[in-house]
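Participant:
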Amino acid sequence: MRRLHPPVRPGGDGEEGGSNVESKIQPILLLADSQLLFWRHEGDLFLSRIREMLDRDQPRAAYVGASNGDQPEFYMLFQGAMEGAGIDVCRMIPSEPEAEDLDFLASADLILLAGGDPWRGWQVMQQNGLLEKVVERYYAGALLIGVSAGAAQLGLYGLKERDGKPVGKFEAFKLVPYLIDVHDEPEWPRMHLALGKIQESLRGLGIPTGGGALVHPDLTVEPLRHPLTEFHLDDEGEVVQALLFPTGEGEVAVVDEDADENRRGPLIPEIVH
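Positions 3 to 275 (my numbering) are the ones given, in order, by the sequence shown.
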């Protein structure tokens with residue numbers, strides 16, 4: 003088990019926030035694609051578990067489609083998933099939001115950052131002020147979901163790509179202490195290239211097609227449906243991988259692909275400052 007230095011929560015004077023702030027923090031759901039929004043496990047809709055985390059009788063769900071240019075068909079998919087979980091009050095927050103859109107976002111219980119181009123979406127959210135508003139809602143108790151590009155934006159860095167290869171990075175929300183990549187299995191070439199270029203003591207997390215990760219408030223990582231792949235650089239600058247298997251709620255098994263022994267227990271990643 004690896005311990006982390008917890009991120010500083012808002013609390014003034016550079017100290018960690020008080021228990022009131024900590025008690026509001028919800029898990030963050032990272033998805034490779036939209037499959038888990040409709041997935042049933044042993045007959046139960048997975049999103050029903052997410053719905054149970056929301057305290058309000060009629061929770062409000064906001065959809066941010068900045069990364070895909072606000073394509074309406076993806077919002078309709080989001081609406082269908084939310085309605086299936088009993089969340090009927092939904093709204094798209096467009097790239098050029100009106101006052102009513104911002105008011106809705108300011109009271110949203112759940113915010114989904116959609117897939118698409120992570121750098122494009124990041125630039126849009128910088129320009130329209132949604133970056134700050136999403137973080138404000140997170141610390142006020144909103145549950146965040148990132149799908150594909152949205153998952154990457156919730157991590158340490160997003161990748162700028164050319165012809166499918168990383169050519170640069172941008173600082174992302176840093177709410178999840180990983181460099182996130184999705185549906186690039188089994189070899190994960192983007193992650194290998196990115197870690198080699200960045201050359202920092204950070205960790206990467208690969209989420210395969212149809213899979214997800216639930217990052218709990220204490221920053222333990224729970225694989226969903228399929229194994230996750232964790233990456234880091236060793237002392238010689240070589241990429242080391244480990245598989246994280248779903249074994250039950252809040253627990254993972256860690257299999258080091260370069261070693262024979264398995265380690266079972268909750269994974270708590272190191273956070274990079």
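Ideal placement from N, C-alpha and C gives every residue a C-beta, glycine not left out.
Report yes if the CB atom of HIS234 is closer than 8 Å to the CB atom of ARG205, and no otherwise.
Facilitator: yes
Participant: Under a Cβ-count criterion, where at least 16 other Cβ atoms within 10 Å of its own Cβ denotes burial, should LYS135 be classed as buried or exposed?
Facilitator: buried
Participant: Can you list, in chain order, the stretches of the alpha helix (DSSP H) that have 4 or more residues and sit fully within the segment 130-209?
Facilitator: 132-141, 151-155, 191-200
Participant: Assign GLU98 to one of three DSSP states: helix, strand, or coil.
Facilitator: coil
Participant: Where LEU230 and GLY214 are concerned, what is the direct C-alpha to C-alpha distance, given to the nearest angstrom?
Facilitator: 8 Å
Participant: Run the CB neighbour count on ARG42, radius 10 Å, all protein chains shown included, and call it buried at 16 or more, exposed below.
Facilitator: exposed
Participant: Look at the alpha carbon of ARG58 and the alpha carbon of GLN128, and state the distance between them as a whole number of angstroms.
Facilitator: Computed Cα separation, rounded: 29 Å.
Participant: Sorted by chain position, which residues of the same chain lie with C-beta nearer than 7 Å to TYR77's C-beta, five sequence neighbours on each side aside?
Facilitator: TYR65, GLY67, MET94
Participant: Enumerated in chain order, which unbroken segments of the alpha helix (DSSP H) with a length of 4 residues or greater are wholly contained in the segment 40-100?
Facilitator: 48-54, 74-86
Participant: Who are the Cβ neighbours of TYR140 in its own chain at under 6 Å, not counting the five residues just before and after it?
Facilitator: Closer than 6 Å at the Cβ level, and outside the excluded window around TYR140, lie LEU146.
Participant: Figure out for me which residue from ASP237, LEU216, LEU79, SER50 has the closest Cα to the Cα of PRO248.
Facilitator: LEU216
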